[in-house]
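J.: If you scroll down you'll find the structure; I have some questions about it.
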Amino acid sequence: MGYSRKLSCVLLLVVLLVACTKGEDPYRFYTWNVTYGDIYPLGVKQQGILINGQFPGPLIESVTNDNLIISVFNSLDEPFLISWNGVQQRRNSWQDGVYGTNCPIPPGKNFTYVLQVKDQIGSYFYFPSLAFHKAAGGYGGFQIASRSVIPVPFPPPDGDFTILAGDWYNRNHTDLRAILDGGSDLPFPDGLIINGHGSNSNTFQVDQGKTYRFRISNVGLTTSINFRIQGHKMLLVEVEGTHSLQNTYDSLDIHLGQTYSVLVTADQPPQDYYIVVSTRFTSQVLNATSILHYSNSAGGVPGSPPEGPTQIDWSMNQARSLRENLTASGPRPNPQGSYRYGMINVTRTIRLQNSAPVIDGKQRYAVNGVSFITADTPLKLADHFNIQGVFSLGSIPDNPTGGGGGYLQTSVMAADFRAYVEVVFENPEDTLQSWHIDGHVFFVVGMDGGQWSDASRQNYNLRDTIARSTVQVYPKSWTALYMPLDNVGMWNVRSENWARQYLGQQFYLRVYSPANSWRDEYPIPSNAFLCGRAISH
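If you count by mature numbering (1 follows the signal peptide of the UniProt record, and there is no 0), then the sequence shown holds residues -23 to -1, 1 to 514, one letter each, in order.
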């Protein structure tokens, strides 16, 4: 299909969409070309994935309820998909951009994502979800601002910075993928990068006395990080779409897949200061730095970069200190805290335990003993067309199976629309885990060391805990959450450690409504690719 025909199809799709809406919500249009290109994140030339020639990719700036039309041209030599970390697709898992819901964009082809950031605010990021592409880049920031009629619980900042930080490998993503396919885990990362660069390659300029918003995401593959700014306090104001209680921190632990917004006031003597990220919970500590530059700076950076924390207890106490701002407005003009999550009856408890079994002589990772394998057809398509033999509901149990073994399965858990569930992540391993649930936000009601039991509920925070979509589970610990299943679809539940996700630490949650109504879920898009056994439908 030629470019003009592709563009005509896109425009026709947009016209049809506009005709089917009331027209009051604005549209924003993006055209992205995904290519390979030379990048040097740690000073070593390697093949990166660029969007419109950029690494990181273009920033998406939107407002609550905007309709986003994102046309993605795949100029790579292999299939490609983009997913939206934390950006909920209300009634629309067709746009989620993971293989369980979407056929990949073939090389040389185009797919137009049609997203509405319905009733959302906050800071997120997008990333490539297939074939370990995330190790080559292809990610970028995603902001959703509040509508002007809805008050924000802090004065407008004088500037807004996006920081995409995380671990990095000098090997190409194809080499890393081969290591995993061969049955081994990844080696230790080669370094950390900030906005695509190693140390001291980024400068963030500020004016004396002004206040700036920093949106910080951990977009790495395997490692938690700590973020701090030399000599400056950070006022936390938002956690993945939730206005938080405005506590002040010297540094923040940010685990894989997580995003925080902080306000920083340039209230120190006018000079340069280190912005530091460092690895957490690793035997070897990696660091990367950027520069906070005062526009009236009288000198360079003083001293050495400040040291970060080392204790696990410190990190867990910080996580427990995250609270929702109950007096703030949300994306709709009603208090965020009016949703009394602790007073709703739980209809089901799901306990999920991670493990690291060796299966058929190869390293795998599992949830409740099941190591996920990709089917030949996206699960959402198989479900929609009623294609038998692709997956089985109930192919992953609600509780840990015990023992250290595991087995391979395309694991899908059945769930009912509008159920209210308790999910307990249990981590018996010595490594920190980070979990994400697509299409939903949840309330982090508790976390502690040791084994979870029914008695653990006595210490849950049922009043003002933070709501988010990605949460950590500390070594030999547990984390509990309450979650309304208010979004029909086929949703990915995954480890944000990308090696563990790639080797099976994920499954899909099928949230089902028997109504078969547009009120509950949008129909399959007219531009959806069909692949696998769905081609004949």
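Here a beta-carbon is modelled for each residue, glycine too, at the ideal position from N, C-alpha and C.
1) Hey, how far is the Cα of L299 from the Cα of S221?
2) For W9 and I364, I'd like the C-alpha separation in whole angstroms.
3) So, is R395 buried or exposed, given that buried needs 16 or more other C-beta atoms within 10 angstroms?
4) In three-state DSSP terms, what is H361?
5) By alpha-carbon positions, which one of N42, S52, S176 and D441 ends up nearest to V126?
6) Using the three-state DSSP reduction, which class does H150 fall into: helix, strand or coil?
7) Helix, strand or coil for G63 per DSSP?
8) For V254, which residues does DSSP report across the bridge?
9) Can the beta-carbon of Y138 be found closer than 8 Å to that of F88?
10) Let me make sure I understand the geometry here. Which of V129, A391, L198 and L240 has the alpha-carbon closest to that of P308?
11) Check S274 in the structure and name its three-state DSSP category.
12) For the alpha helix (DSSP H) that contains W475, what are its first and last residues?
13) Which of the three DSSP states is assigned to A305 in this structure?
14) Would DSSP call N493 helix, strand or coil?
15) Apart from the five residues just before and just after V422, which ones in its own chain have a Cβ nearer than 7 Å to its Cβ?
16) Between Q235 and the rest of its own chain, which residues show a CB-CB distance below 6 Å, the 5 nearest in sequence each way excluded?
17) Return helix, strand or coil for I289, following the three-state DSSP convention.
18) Go through the segment 415 to 468 residue by residue and report every complete run of the beta strand (DSSP E) that reaches 3 residues or more, in order.
19) Between N203 and S228, is the Cβ-Cβ spacing less than 8 Å?
20) Quick check on the burial criterion: 16 or more other C-beta atoms within 10 angstroms. Buried or exposed for E473?
21) Roughly how many angstroms lie between the CA atoms of Y189 and A113, to the nearest whole one?
22) State the CB to CB distance for the pair F347 and Y384, rounded to an integer number of angstroms; the pair is presumed to be in contact (CB under 8 Å).
23) Do K339 and G160 come within 8 Å of each other at the CB atom, strictly closer than that value?
24) Which residues in the same chain have their Cβ closer than 6 Å to the Cβ of S411, if we skip the five residues on either side of it in sequence?
25) Given a cut-off of 8 Å on the beta-carbon distance, is the pair Y489 and A391 in contact?
26) State the beta-bridge partners of Q386 as determined by DSSP.
27) Identify the residues that DSSP records as bridge partners of D393: which are they?
28) Nearest-angstrom Cα distance between G218 and Y101?
29) Below 8 Å between beta carbons: does that hold for R192 and G118?
30) Who pairs with P105 in a beta bridge, going by DSSP?
31) Quick check on H413: does DSSP put it in helix, strand or coil?
32) According to the Cβ coordinates, are Y251 and P282 closer than 8 Å?
33) Cα separation between D15 and A122?
34) State buried or exposed for F104, treating a residue as buried only when at least 16 other CB atoms are found within 10 Å of its CB.
35) Just how far apart, CA to CA, sit G173 and Q120?
36) Got a sec, what are the start and stop residues for the beta strand (DSSP E) W145 sits in?
T.: Reading from the atomic positions:
1) 7 Å
2) 33 Å
3) exposed
4) helix
5) N42
6) helix
7) coil
8) In the DSSP output, where bridge partners are listed per residue, V254 has F204 and A265.
9) Residue 138 is actually Phe in this sequence, not Tyr. No. Outside cutoff.
10) V129
11) coil
12) W475 to Y479
13) coil
14) coil
15) If we look at V422 and ignore the five residues flanking it on each side, its Cβ neighbours are Y437, N438, L439, T442, A457, L458 and Y459.
16) N195 and T447
17) helix
18) 419 to 426, 447 to 450 and 454 to 461
19) yes
20) Buried: at least 16 other Cβ atoms inside 10 Å.
21) 30 Å
22) The sequence shown places Val at residue 347, rather than the Phe named in the question. Yes, V347 and Y384 are in contact; Cβ-Cβ is about 7 Å, under 8 Å.
23) yes
24) H232, L233, G234, Q449 and E473
25) Taking a C-beta distance under 8 Å as the contact criterion, Y489 and A391 qualify as a contact pair.
26) F349, per the DSSP bridge assignment.
27) Y489
28) For G218 and Y101, the distance between alpha carbons rounds to 8 Å.
29) yes
30) I59
31) Strand, per DSSP.
32) yes
33) 33 Å
34) buried
35) 19 Å
36) G136 to W145
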